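Its first residue numbered 1374, the sequence shown is counted upward by one per residue in the working numbering.
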Amino acid sequence: MAKKAWIARNKKRKETVKKYAEKRRKLKEAGDYEGLQKLPRDASPTRVRNRCSITGRSRGYVGKYGISRIKFRELALAGKIPGVRKASW
């Protein structure tokens, strides 16, 4: 489980990105890079970290399902993810 502060910080970044998304788009189209620099750092979408929605783990993130590889495996083996099953040949 990730620290609560890391999860909260990432959540705050997501909100900041959403808040400034339209303004960033307009500045980029206009080519106003000085204006872009005046926006908060966390307004950039690259600052947001993909995290597991269950544990908050940042590494081993499976984007299609929004969870980490560990939780993905646990849920898949338990049959909780529809259409996913362990390969055997």
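Beta carbons: idealized from backbone N, C-alpha and C, even for Gly.
This one's a predicted model, so the numbers in the text were calculated from it and none came from an experiment.
Same chain, Cβ closer than 6 Å to residue i, five either side skipped, listed in chain order
i, result
"SER1431", "ARG1422 and ARG1424"
"LYS1396", "none"
For residue i: DSSP bridge partner residues
i, result
"VAL1435", "ILE1440"
C-beta contact flag for residue i and residue j at 8 Å
i, j, result
"ARG1420", "GLY1433", "no"
Contact set for residue i: own chain, Cβ-Cβ below 8 Å, skip 5 residues either direction
i, result
"ILE1380", "ARG1424 and GLY1429"
"LYS1459", "ALA1449 and LEU1450"
"GLY1366", "With the chain covering only 1374 through 1462, there is no way to say anything about residue 1366."
"PRO1413", "THR1389 and TYR1393"
CB contact below 8 Å: residue i versus chain B
i, result
"SER1417", "Here chain B cannot be found, since the structure has a single protein chain."
beta-carbon residue i near the ligand FAD non-hydrogen atom, thresh 7 Å
i, result
"ARG1422", "Looking at this structure, you won't find the ligand FAD or any other ligand, since it has none at all."
Legend entry - Ranges of the alpha helix (DSSP H) found wholly within the stretch 1383 to 1428, counting only runs of at least 4: For the stretch 1383 to 1428, whole alpha helix (DSSP H) runs of length 4 or above, ordered along the chain, are 1406 to 1411.
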